[in-house]
Amino acid sequence: MTSSLTRSTSLEKKLITGSFLLSVIFNLWGVSVGWKHINLPGCEFRQTQTAISALFIQRDHDFSLAYPTPVLGKPWSIPMEFPLYQWTVVVVSNATGIPLQEAARLVGVVCFFLCLPAVYLLLRRLALKETHGLIVISLILTCPLYIFYARAFLIETMALMLGFWYAIALIKTLENRTIGWLMLVNAAGIGVGLVKVTTFIIFLLPAFAWSISLLWESRPREGSPGWSVFFRTFGWLAAAHALPFLAAIEWVHFSDGVKALSPSGQYLESSNMIDWNFGVGRRFDPAIWSAIWHIISQEVARPVLLVAGGILTLVFGRRWWIHIAALLGIYGAVLLIFPVLFAGHSYYHVAAAFLLILALGFALISTFQSTRLPRFLPFILWGIILITQARTFLEFHYPLYRLPGNEGGLASALHEIVKPDEIIVIAGDDWSSILPYYAERRALMIPDRQDQNRDYIRATFAALKDESVVALVLFENQQHNQFIRELAAERFDINLQPGFTWKDRGRDVVVYLKRQIQIDALTAIQRVKGFNSVVLTNESKSFENVLANRVMEYSSLMPRHQNLFRIMSPRPVRFYSSFGPELWDEDKPGRERYAAHPDTKLWFQLTAGHHQLTTSLEILAGAYQGVPHPDASDGVELVATAVHRDGHCEILRHQYFDPRDNPAERGPQSISWSFDLPADSEFELSVNAGPKGNAARDWTGLSRIVIK
């Protein structure tokens, strides 16, 4: 008899352990699906907000507390949570060389699995057997919500992990009363309070109830040592929470101060978010609770499982009624405190869904502990729950992984034509980070509530006066916002004629370009294939190169165009180019050449006196080889001129180059000219057409120009 019971117990342990391992495997498979995908399905608005912060922390090596979230204009920082998660992701990415998305998923999954030992310890404290603890944890592992959001680019599982270990450390601190546990509870409490204070509040609810119970038990009673025990207990509780509370409060003050520096950030200060965060006026709105129920029933546990759990609790779970009631009570309190947050963001349920799952787990455990049921029946019930959870994941979440990413369309086009130090203005997409993140560019998003606020728009545009704003992106509902268009044209020299459009997935977007970049941008779009649904407009065909055929001040150029003169020392103060400045780069060190097709003129501000100019001039071989002699280039003239203040020009040096008729002048021709620049004059270096003034095929390049 005893041997038979032992064999039965041993078999049950093996079945439980095996089933638990299967739930681990299923979870690992679920979080690994689409591991390398760039797209971030599931509350993409919030994921990309976290992701773009990590992206620019990494790119700018900016590990400051006022970390970048460059979507609402300067000063590019609107700190919400303390950036522990973002820093961790960047450190992992830098250390391993893996992309940010993969590092974020790795950090999220590791944090999720680090929650489980703490859950197990809590369950053991509630007198669950070792194997029964594994049964309950298996329900968390197969919960669709946790599989889906453990791999998200979000802070949720890190906050949850810190919250669980805060709970364990608090229990140990009050029981053992040692400095080590006190330090751990402070570290975990500070961490969860800073990373996500709403998650901290969820753990504080049971902690507060338990603390009141401890204080009540330590109150002075007949035969007790008086108030000493009470005050010692109170002192340890205070020591466990003073620093976490102070850190959370100070972070709110600091982050509000940073937000106040931005016209957009002011609306996100904590005092302006109270109604939203706590659902003031909407707590009992049926639409709110309908949305919450939809998330619970689709992502946490199917209604059939909840109903079954209730029945099992009533029939078999008397031992666990108080525990289940407490879990459901805390869960209901959380939803009442943050109704709007939990209704509008499914990822918020990561912080609280375990309460419902644990209640379901206790209901299931009651069947394993029942003496009225055949031993196989609880295993069947457990299997049904696991299979139902797995099917829910496969039906609801798994298809989201298959959605096409954002890397091939508008975001890719903007990434190509907007340089890393340039800015995009976007209206009609609220303040979503989705487009800026996938484009990997800073943006001024004009929130929907501010699109008609002219003072706000003027202020945000004014804050960008020293930045290179190169594109205006208008989604469908803002394409007739004349004020934004005209102000962008006035402040940033945006062409009011649209450059290209993008239509995809029901979205209709028009993009306007800064005049200086429009030719380069449209050429890039035509050259690079794969910009899905990007179409050049008819107006773009008539764009002119505003840098061509006119004298331009170097200081008026954008940084991207100033960089075209990087092979010149010093750089010119003005220039003239028939076709616009261009740098030929053959990806060979020392072979960069400035395109100097006639007429090209470069004016330099030099001191009076003796100077030495070195460069080399080359007319491309295609200008004279393989073409009829009359059609070939007849050469160019390089001229050094002193331009006096009164306009009089004095030629200092000049030389003709004609590789068509003089084979010795083919290929790079070294030039080393000495000259004396008169006082009150400017130095001009020009490339002119040949003797007949014909510039056809005069494809000329000047290598590094140095004037000493």
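Residue numbers for the sequence shown follow the working numbering, so the first one is 58 and each next one is one higher.
Ideal Cβ placement from N, Cα and C applies to all residues, glycine included.
Since the structure is predicted, the reported quantities are computational estimates derived from the model, not experimental observations.
Asked	Found
C-alpha distance - Phe-102 paired with Glu-596, whole-angstrom precision	33 angstroms
Cutoff 8 angstroms; reference Leu-178; Cβ partners in own chain excluding five residues on either side	Ile-225
Spatial neighbours of Thr-671 in its chain, beta-carbon cut-off 6 angstroms, leaving aside the 5 residues before and after	Ser-729, Val-763
Cα-Cα separation between Ser-80 and Val-526, rounded to whole angstroms	51 angstroms
Beta bridge counterpart(s) of Ile-43 as assigned by DSSP	Residue 43 lies beyond the residue range present for the chain, which begins at 58 and ends at 765; the question has no answer from this structure.
Nearest-angstrom beta carbon gap, Arg-631 and Trp-660 [assumed within contact, 8 angstroms]	4 angstroms
Within 8 angstroms, strictly: CB atoms of Pro-164 and Val-149	Before going further, note that residue 164 is Val rather than Pro in the sequence given. Yes, the pair counts as a contact, with Cβ atoms nearer than the cut-off.
Cα-Cα separation between Phe-335 and Ile-259, rounded to whole angstroms	13 angstroms
Residue closest to Ala-689, alpha-carbon to alpha-carbon, out of Asp-656, Gln-712, Ala-746	Ala-746
Residue environment, Met-330, which counts as buried when at least 16 other CB atoms sit within 10 Å	exposed
Backbone secondary structure at Val-526 - three-state DSSP	strand
Buried or exposed by the 16-neighbour rule on C-beta atoms within 10 Å, applied to Met-240	exposed
Run of the alpha helix (DSSP H) containing Glu-473, from where it starts to where it stops	467-474
Short Cβ contact (8 angstroms threshold) for Trp-641 with Gly-750	no
Same chain, Cβ closer than 6 angstroms to Glu-739, five either side skipped, listed in chain order	Trp-660, Val-700
Exposed unless 16 or more other CB atoms sit within 10 angstroms - verdict on Ser-760	buried
Opposing strand residues paired with Met-609 [DSSP bridges]	Phe-632
His-668 beta carbon less than 8 angstroms from that of Leu-734	yes
For Leu-531, the three-state DSSP class (helix, strand or coil)	strand
Chain-order list of residues whose beta-carbon lies under 7 angstroms from that of Gln-355 (same chain, five-residue window excluded)	Phe-453
Anticipated Cβ contact below 8 angstroms, Lys-571 with Phe-549, distance rounded	6 angstroms
C-beta contact flag for Arg-339 and Pro-396 at 8 angstroms	yes
Extent of the continuous beta strand (DSSP E) to which Ser-738 belongs	738-746
Anticipated Cβ contact below 8 angstroms, Ile-352 with His-406, distance rounded	6 angstroms
Trp-92 - DSSP class collapsed to helix/strand/coil	coil
Boundaries (first-last residue) of the beta strand (DSSP E) holding Leu-709	706-714
Exposure label - Trp-559; buried when at least 16 CB within 10 Å	buried
Whole-number beta carbon distance between Leu-196 and Ile-414, since they are thought to touch under 8 angstroms	5 angstroms
Validate contact between the segment 502-515 and the segment 526-541 using beta carbons, cut 8 angstroms, 3 pairs	yes
Cβ-based burial, Pro-140 [other Cβ within 10 Å; buried from 16]	buried
Simplified DSSP state of Ser-60, which is helix, strand or coil	Low confidence applies to Ser-60: its pLDDT is 49, below 50, so where it sits in the model is not reliable enough to give any reading.
Status (buried if at least 16 other CB within 10 Å, exposed otherwise) for Ser-490	buried
Euclidean distance between Cα positions of Thr-63 and Ile-73	For Thr-63, the predicted structure reports a pLDDT of 49, less than 50, and the residue's modelled location is therefore unreliable. A value from the coordinates is still provided. Each residue's alpha carbon lies about 15 angstroms from the other.
Cβ neighbour criterion (16 or more within 10 Å) applied to Met-58	In this prediction, Met-58 has a pLDDT of 40, which is less than 50 and means its spatial position is unreliable; nothing more can be read from the coordinates.
Sequence-distant residues of the same chain with beta carbon closer than 7 angstroms to Ile-708, five excluded per side	Val-696, Thr-698
Under the three-state DSSP convention, the category Met-330 falls into	coil
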